[in-house]
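Below is one structure, written out as structure tokens; comments come after it.
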Amino acid sequence: MSCKKESEYQKFLKEWKAKFISPVSSAEMRKNWLKHASVAWNEAKKLKEADKDK
Numbered sequence: 000m001s002c003k004k005e006s007e008y009q010k011f012l013k014e015w016k017a018k019f020i021s022p023v024s025s026a027e028m029r030k031n032w033l034k035h036a037s038v039a040w041n042e043a044k045k046l047k048e049a050d051k052d053k
């Protein structure tokens, strides 16, 4: 069953990269980048942990 969870994790990473790894569009986004990155990192870790528990 971990396949499904892993694909959620992969999807999350792909969406995150599309948002934040692409050239940052505005000064506001640049200012908030670190905060968003840390939130996304924690979310990704949660998904990975959930995958490990199965």
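The opening residue of the sequence shown carries number 0 in numbering that gives the first Met the number 0; numbering runs sequentially from there. For each residue, glycine too, the CB sits at the ideal point set by N, CA and C.
Asked                                                                                     : Found
Contact set for F11: own chain, Cβ-Cβ below 7 angstroms, skip 5 residues either direction : E42, A43, L46
Nearest to A17 (by Cα), restricted to the options A39, A49, E48                           : A39
Nearest-angstrom Cα separation, counted from W15 out to N31                               : 14 angstroms
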